[in-house]
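Visitor: For the first sequence, the positions run 15 to 581 when this note's numbering is used.
Ideal placement from N, C-alpha and C gives every residue a C-beta, glycine not left out.
Submitted below is the structure of interest, expressed as structure tokens.
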Amino acid sequence: MIELIKNKLKLEIEEKLHAKFSEKISIVVEKPKNPKLGDISIPVFSVVKTVRRPLPEVVDIVVELVKASKYQKYFSEVKKVSGFVNIVLNRIEFGKAVINEFSNSEDFGRNDIGVGKTIVIDYSSPNIAKPFSVGHLRSTVIGHSLGNIFEKLNYKVVRINHLGDFGTQFGKIIYAYLNYGDIEKVNKNPIDELVKLYVKFHKLAKEDSSIEEKAREIFKELEQKNPKYVKLWEHFREVSLKQYMKVYDMLNVKFDSYDGEAFYNDKMDKIVKELHDKDLLKKDQGAMIVDLGDEFPPALIQKRDGSTLYITRDLAALFYRKNTYDFDEVLYVVGNEQKLHFAQLKEVVKKMGYDYYKDIHHINFGLVMQNGKKMSTREGKIIKLIDVLNEASKLSLEYINEKNPQLENKEEIAKKVGISAIIFNDLKNYRANDIEFNLKDMVNFVGQTGPYLQYTSVRISSILHDNQIDEDSIDYNYYTNDYSYELIKTIDEYEEVLLKAKADYSPSVLAKYLLTLASYFNSYYSQEKVMVEDLIERNSKLYLISIVRYILDDGMRLLGMQIIKKM
RNA sequence: GACUCGGUAGCUCAGCAGGAUAGAGCAACGGCCUUCUAAGCCGUCGGUCGGGGGUUCGAAUCCCUUCCGAGUCGCCA
Numbered sequence: 015m016i017e018l019i020k021n022k023l024k025l026e027i028e029e030k031l032h033a034k035f036s037e038k039i040s041i042v043v044e045k046p047k048n049p050k051l052g053d054i055s056i057p058v059f060s061v062v063k064t065v066r067r068p069l070p071e072v073v074d075i076v077v078e079l080v081k082a083s084k085y086q087k088y089f090s091e092v093k094k095v096s097g098f099v100n101i102v103l104n105r106i107e108f109g110k111a112v113i114n115e116f117s118n119s120e121d122f123g124r125n126d127i128g129v130g131k132t133i134v135i136d137y138s139s140p141n142i143a144k145p146f147s148v149g150h151l152r153s154t155v156i157g158h159s160l161g162n163i164f165e166k167l168n169y170k171v172v173r174i175n176h177l178g179d180f181g182t183q184f185g186k187i188i189y190a191y192l193n194y195g196d197i198e199k200v201n202k203n204p205i206d207e208l209v210k211l212y213v214k215f216h217k218l219a220k221e222d223s224s225i226e227e228k229a230r231e232i233f234k235e236l237e238q239k240n241p242k243y244v245k246l247w248e249h250f251r252e253v254s255l256k257q258y259m260k261v262y263d264m265l266n267v268k269f270d271s272y273d274g275e276a277f278y279n280d281k282m283d284k285i286v287k288e289l290h291d292k293d294l295l296k297k298d299q300g301a302m303i304v305d306l307g308d309e310f311p312p313a314l315i316q317k318r319d320g321s322t323l324y325i326t327r328d329l330a331a332l333f334y335r336k337n338t339y340d341f342d343e344v345l346y347v348v349g350n351e352q353k354l355h356f357a358q359l360k361e362v363v364k365k366m367g368y369d370y371y372k373d374i375h376h377i378n379f380g381l382v383m384q385n386g387k388k389m390s391t392r393e394g395k396i397i398k399l400i401d402v403l404n405e406a407s408k409l410s411l412e413y414i415n416e417k418n419p420q421l422e423n424k425e426e427i428a429k430k431v432g433i434s435a436i437i438f439n440d441l442k443n444y445r446a447n448d449i450e451f452n453l454k455d456m457v458n459f460v461g462q463t464g465p466y467l468q469y470t471s472v473r474i475s476s477i478l479h480d481n482q483i484d485e486d487s488i489d490y491n492y493y494t495n496d497y498s499y500e501l502i503k504t505i506d507e508y509e510e511v512l513l514k515a516k517a518d519y520s521p522s523v524l525a526k527y528l529l530t531l532a533s534y535f536n537s538y539y540s541q542e543k544v545m546v547e548d549l550i551e552r553n554s555k556l557y558l559i560s561i562v563r564y565i566l567d568d569g570m571r572l573l574g575m576q577i578i579k580k581m
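Following this line, the structure appears as structure tokens:
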């Protein structure tokens with residue numbers, strides 16, 4: 015509502031100023047930093063500059079224009095403060111407008127910006143035969159949440175888990191397995207054992223680099239379907255995926271496709287041929303490259319031995335997705351360290367003459383660091399996500415035993431709180447920032463955390479209970495005190511927040527907003543008694559807090575968190 | 001070395017299409033449970049917005065420069 019008022023007011027005033035001074039003037043209509051100054055603010059310095067009139071005169075003109083606005087029924091006061099014109103809203107009229115908007119909406123916050131558009135999101139994408147680490151959590155929860163947010167905005171979303179189930183790493187693992195592996199150990203504890211082999215390989219390669227060459231040979235034969243290697247590969251893939259599914263179940267994450275890199279194995283010749291036909295391919299030091307000029311290093315398409323590389327597979331995947339889903343945008347939720355790769359990918363697509371290179375977006379995120387350095391599987395330093403999730407659930411159960419020992423289904427709720435805490439902790443900060451791994455922070459349940467949001471929703475549920483709410487007997491006067499008014503204003507921002515989260519491809523925008531909403535509610539809660547004698551007052555208050563709960567729950571759902579009624 | 005991203009309170013971070021006294025949470029300290037869940041609320045303490053220049057009526061926000069951290073830079077993904 016306020017966004018609408020601001021936008022229209024801006025146009026209205028710009029138009030009238032234009033008529034008056036016959037000069038094009040652009041003004042800013044914003045939210046003042048300090049709410050005491052008002053609800054809407056218009057700095058007039060830019061107007062002074064273009065029309066070259068004294069500031070007080072311009073301020074007066076703008077004040078008159080605001081007062082004459084179509085929206086003046088929403089204004090209770092128009093003040094001039096130095097170079098600003100500040101507007102105070104009429105709390106009753108504004109409250110009524112916001113509440114009505116909620117009442118008339120099927121799904122509050124929804125926006126039709128995405129109608130008819132398809133968006134493909136590539137996320138999670140763990141590497142087979144490697145543990146699902148805290149590093150993969152980021153891609154998984156960011157991608158999942160973005161998918162939910164896009165769906166809320168009426169996009170059609172295709173969720174793809176592009177499994178890292180191919181590549182030279184398999185040459186390495188198979189080499190190590192054949193020389194040092196033990197079938198029983200592998201079957202007993204698949205991923206752990208395969209990681210050991212992978213780490214061992216890298217240790218050995220440091221002393222004897224010739225085994226790198228052997229691994230490459232094995233991979234090449236795997237690509238050419240050597241049955242012995244294919245069989246091993248299938249086995250490794252199967253046992254790994256089984257373990258990943260456990261984690262996805264815990265996180266409540268689902269995908270439309272699990273086609274990984276191997277799926278594109280037979281789709282790459284076509285790419286190489288097309289690049290060749292378009293005269294983009296160049297032989298260089300025995301390998302085939304696409305020269306990308308001065309701006310980027312060349313893209314390596316084919317190795318000296320003829321086997322393919324990451325970017326070749328990504329190209330094949332991209333074209334497959336374009337043909338299959340006809341997307342309007344494709345998002346790759348992949349870490350910062352692959353920035354160059356995606357820049358090169360876009361550049362190659364551009365050179366191939368496809369205009370939709372513009373629709374490729376690398377949704378980069380910060381690395382999970384340990385002691386200020388990137389975590390690396392090669393060095394065997396890895397923290398398994400499942401351990402962290404279990405730890406958080408355990409701690410959450412301890413909390414419940416301390417705070418609310420009589421609670422039913424304690425274990426189940428503890429899991430929902432613990433896992434949601436981990437998810438929220440990951441999403442609350444802007445995705446591209448690096449984060450230092452810190453279990454203590456991740457399982458902290460006090461302050462700006464997942465449990466804080468859940469707790470706030472639970473408090474509301476506890477009041478709402480099974481009270482009936484009559485939407486027709488609302489007295490808007492109960493929404494005018496400061497505590498209520500902050501809630502009304504924040505409720506009003508929900509849709510805008512979702513659009514911002516979408517525009518930035520960052521769930522943190524939503525996460526921060528939910529914290530603000532919850533915080534305003536908790537202040538309200540400490541000040542206002544809801545279950546009062548007066549039925550109109552009680553009803554009005556119940557309705558207001560039910561809206562707050564609706565947004566909290568909807569927002570948490572979009573972030574991929576669990577909604578609970580008691581804790 | 002080149003390129004990219006970051007540097008805001010002791011710690012974790014918002015704010016950055018320029019706007020009015022720079023905001024939260026954690027930690028520390030002090031209050032608030034005979035009233036709807038105290039995983040909460042209220043308050044105190046805490047900042048040369050890395051340093052230096054510049055553009056502007058106005059800079060944490062834009063430009064230049066410098067220092068610090070991270071990532072990437074041809075046969076891994």
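Ignoring anything shorter than 4 residues or poking outside the region 96-142, list the alpha helix (DSSP H) runs there in chain order.
Guide: Those alpha helix (DSSP H) runs which fall completely within the region 96-142 and span 4+ residues are 105-117.
Visitor: Give the DSSP-derived three-state secondary structure of F535 in the structure shown.
Guide: Correct three-state label for F535: helix.
Visitor: Assuming Y519 and I377 are in contact, meaning their beta carbons sit under 8 Å apart, how far apart are those beta carbons, in whole angstroms?
Guide: Correct: roughly 5 Å between the Cβ atoms.
Visitor: Per DSSP, what are the beta-bridge partners of V304 in this structure?
Guide: In DSSP, V304 forms a bridge with L295 and A313.
Visitor: What ranges does the alpha helix (DSSP H) occupy inside the region 168-211, keeping only unbroken runs of at least 4 residues that lie completely in it?
Guide: Listed in chain order, they are 182-194 and 197-202.
Visitor: Report yes or no: do the region 508-518 and the region 336-348 share at least 3 C-beta pairs separated by less than 8 Å?
Guide: Touching, no.
Visitor: If we ignore side chains and look at the alpha-carbon of each, how far apart do V244 and Y189 end up?
Guide: Rounded to the nearest angstrom, the two C-alpha atoms are 13 Å apart.
Visitor: Note down the Cα distance separating L528 from K387, rounded to an integer number of angstroms.
Guide: Taking the straight line joining both Cα atoms gives about 32 Å.
Visitor: According to the neighbour-count rule (16 or more other Cβ atoms, all chains shown, within 10 Å of its Cβ), is P68 buried or exposed?
Guide: So P68 counts as exposed.
Visitor: Quick one, are the C-beta atoms of Y538 and L573 less than 7 Å apart?
Guide: Taking 7 Å as the Cβ cut-off, Y538 and L573 do not qualify as a contacting pair.
Visitor: List the DSSP bridge partners of G349.
Guide: Paired residue(s): F379.
Visitor: Name the DSSP bridge partner or partners of K166?
Guide: BP columns for K166 are empty, so no partner.
Visitor: K398 and P145 - do their beta-carbons sit closer together than 7 Å?
Guide: Yes.
Visitor: Under 6 Å Cβ to Cβ from K131, same chain only, skipping five residues before and after it: list those, please.
Guide: The residues are Y169 and D342.
Visitor: Could I get the ranges of all uninterrupted alpha helix (DSSP H) runs contained in the region 480-552, with 4 residues as the minimum, in chain order?
Guide: The region 480-552 contains these whole alpha helix (DSSP H) runs: 496-506, 508-518 and 522-541.
Visitor: What whole-angstrom Cβ distance do I433 and M264 have, given they're in contact under 8 Å?
Guide: Indeed they touch by this definition, with Cβ atoms about 6 Å apart.
Visitor: Roughly how many angstroms separate the alpha carbons of M389 and R552, rounded to a whole number?
Guide: Going by the C-alpha atoms only, they are around 54 Å apart.
Visitor: Please go through the same chain and pick out, in chain order, the residues whose beta-carbon is closer than 7 Å to the beta-carbon of T154, but skip the five residues on each side of it.
Guide: Excluding residues within five positions, the ones whose Cβ falls inside 7 Å are Y137, S138, L265 and V267.
Visitor: Going by the CB atoms, is the gap between G157 and V171 shorter than 7 Å?
Guide: It is not a contact, given that the beta carbons lie outside the stated cut-off.
Visitor: Could you check what DSSP says for P57 in three-state terms: helix, strand or coil?
Guide: Correct three-state label for P57: strand.
Visitor: Output yes or no for whether 7 Å exceeds the beta carbon distance between L151 and I187.
Guide: Not in contact: L151 and I187 (Cβ atoms no closer than 7 Å).
Visitor: Per DSSP, what are the beta-bridge partners of T338 in this structure?
Guide: DSSP lists no partner for T338.
Visitor: Does K372 come out as helix, strand or coil in the three-state DSSP assignment?
Guide: In this structure, K372 counts as helix in the three-state DSSP scheme.
Visitor: Taking only three categories from DSSP, how would you classify F269?
Guide: Correct three-state label for F269: coil.
Visitor: Quick one, which of E547, E412, V99 and V95 has its alpha-carbon nearest K81's?
Guide: Of the listed residues, the one whose Cα sits closest to K81 is V99.
Visitor: Could you please give me the residues that DSSP links to V155 through a beta bridge?
Guide: DSSP, once it has assigned bridges, lists no residue as partnering V155.
Visitor: Starting from the Cα of Q257, find the closest Cα among E309, I106, K217 and S147 and give me that residue.
Guide: That would be S147, whose Cα lies nearest to the Cα of Q257.
Visitor: When DSSP labels each residue in this structure, what does S554 get in the three-state scheme?
Guide: Residue state, collapsed to three classes: helix.
Visitor: Over what stretch of residues does the alpha helix (DSSP H) that includes S475 continue unbroken?
Guide: Element bounds for S475: G464 to L478.
Visitor: Between S40 and the rest of its own chain, which residues show a CB-CB distance below 8 Å, the 5 nearest in sequence each way excluded?
Guide: Hits under 8 Å: E28 and S60.
Visitor: Is the region 446-456 close to the region 529-536, with three or more CB pairs under 8 Å?
Guide: With a cut-off of 8 Å, the region 529-536 and the region 446-456 do not count as touching, because too few Cβ pairs lie within range.
Visitor: For M366, which option in N240, D319, L332 and K353 has the closest C-alpha, if you only look at C-alpha atoms?
Guide: Nearest option by C-alpha distance: L332.
Visitor: Do you know how far the Cα of T463 is from the Cα of A525?
Guide: Cα to Cα, A525 sits roughly 9 Å from T463.
Visitor: Going by beta-carbon coordinates alone, are F438 and E361 separated by less than 7 Å?
Guide: Not a contact, by the Cβ cut-off of 7 Å.
Visitor: Between Q183, E71 and N114, which lies nearest to D486 when the distance is taken from Cα to Cα?
Guide: Checking every option, the nearest Cα to that of D486 belongs to N114.
Visitor: DSSP puts I449 in a beta bridge; with which residues?
Guide: In the DSSP output, where bridge partners are listed per residue, I449 has V382.
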